[in-house]
Amino acid sequence: MKFDKILQYQKIDQELMTLENEVAKSDERQKLAVAKSRLEGATEMIGKLKAEASDLLAGYAAMKDKIDALKEELDEFDGILDDVQDANEADHYLKMVASIADKINALEKEANGAAAKIDQVNDSYKKTWDQGVKATDVYKGAKAEYDNLVKKFQPRVVEIKSQLNALKGEIPENVMHTYLALRGAKRMPAFVKYDSKNCLCGRCMMEVDNDTKSKLRNVGDYAECPNCRRILYVADEQ
């Protein structure tokens, strides 16, 4: 097999990777990542607070409905003792009234606690919303700076990709697939010259096993390095 095209592709692609790395490690990229993280954090918290407030309001409304129903029930006992002569019967009614009153007091106490919690959540929501607005502004600024950086490299990136696309059609599909897989795994260079004299990988500089050696005897032979998983090839000059 001949490796001239894939090696040419790899050489051109290395410049593209250099540009990609420069962008990825730039201050603009780091600032954008931080700004995005803060914006996402604020957005997520706003969603949680909104859901919590909704649950609290629903619970508060349900408690108020129960309180109103109990008060209506309590109103039914107004004047009921006026015509009661029996002490036991009067005591029975008094106990019922006291029980209802206790329930109302307990629910009102719980409702007051829920109301205080709702106010607390609303305050947190307002503060987080303000943080979200500020985070949005910071993100927009960081995104603009990042886009300007990318724009600066764009003409050269387009040129390089055009060269790569022109070469791609001359490279066997399986070879291209292997190359792209190694590139994605950040094992670059993907195709490395085999040191047949010392039986070493030209990248990790480790000796290969006998099975791999047997696959790399002649010019054009290639095999995967058992150590770093790159593709070793036997070059014409060896």
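Numbering follows this note's numbering, with no gaps: position 149 of the sequence shown is 141.
Heads up, the beta-carbon is just placed ideally off N, CA and C, and yes, glycines get one too.
1. Given a cut-off of 8 Å on the beta-carbon distance, is the pair residue 180 and residue 174 in contact?
2. Just to confirm before moving on: does the CB-CB distance between residue 117 and residue 28 stay below 8 Å?
3. Return the CA-CA distance between residue 71 and residue 103, expressed in angstroms with no decimal places.
4. If we count the other Cβ atoms within 10 Å of its Cβ and call it buried at 16 or more, is residue 233 buried or exposed?
5. Among 133, -6 and 1, which has the Cα closest to the Cα of residue 160?
6. Cα separation between residue 227 and residue 33?
7. On the three-state DSSP scale, how would you describe residue 163?
8. Who are the Cβ neighbours of residue 222 in its own chain at under 8 Å, not counting the five residues just before and after it?
9. For the stretch 41 to 61 against the stretch 134 to 145, do three or more pairs of beta-carbon atoms, one drawn from each stretch, fall closer than 8 Å, so that the two count as touching?
10. Does DSSP classify residue 68 as helix, strand or coil?
11. Closer than 6 Å by C-beta to residue 230: which residues in its own chain qualify, once you throw out the five before and the five after it? Chain order, please.
12. Rounding to the nearest angstrom, what Cα-Cα distance links residue 236 and residue 157 in this structure?
13. Straight-line CA distance for residue 14 to residue 224?
14. Counting along the chain, where does the alpha helix (DSSP H) carrying residue 203 start and finish?
15. For residue 226, which three-state DSSP category applies?
16. Classify residue 198: buried if its beta carbon has 16 or more other beta carbons within 10 angstroms, exposed otherwise.
17. Tell me, which residues are paired with residue 187 by DSSP?
18. Helix or strand or just coil, what does DSSP make of residue 182?
19. Residue 131 and residue 31: beta carbons closer than 8 Å?
20. Given residue 127, which residues of its chain have a CB within under 6 Å of its CB, disregarding the five upstream and five downstream residues?
21. Could you give the distance in angstroms between the alpha-carbon of residue 84 and the alpha-carbon of residue 100?
22. Measure from the alpha carbon of residue 109 to the alpha carbon of each residue in 3, 212, 200 and 52, then state which is nearest.
This is what the structure gives:
1. yes
2. no
3. 29 Å
4. Within the shown structure, residues of the chain are numbered from -7 to 230, placing residue 233 beyond reach of any answer.
5. 1
6. 53 Å
7. coil
8. 174, 179, 181, 182, 183, 184, 193, 195, 196 and 216
9. no
10. coil
11. Because residue 230 sits at a pLDDT of 45, beneath the cut-off of 50, its placement in the model cannot be relied upon, and the following sentence gives the value as read from the coordinates. 188, listed in sequence order.
12. Absent from the model: residue 236. The displayed extent of the chain is -7 to 230, so no value can be given.
13. 28 Å
14. 202 to 206
15. coil
16. exposed
17. 192
18. coil
19. yes
20. 30, 31 and 34
21. 24 Å
22. 52
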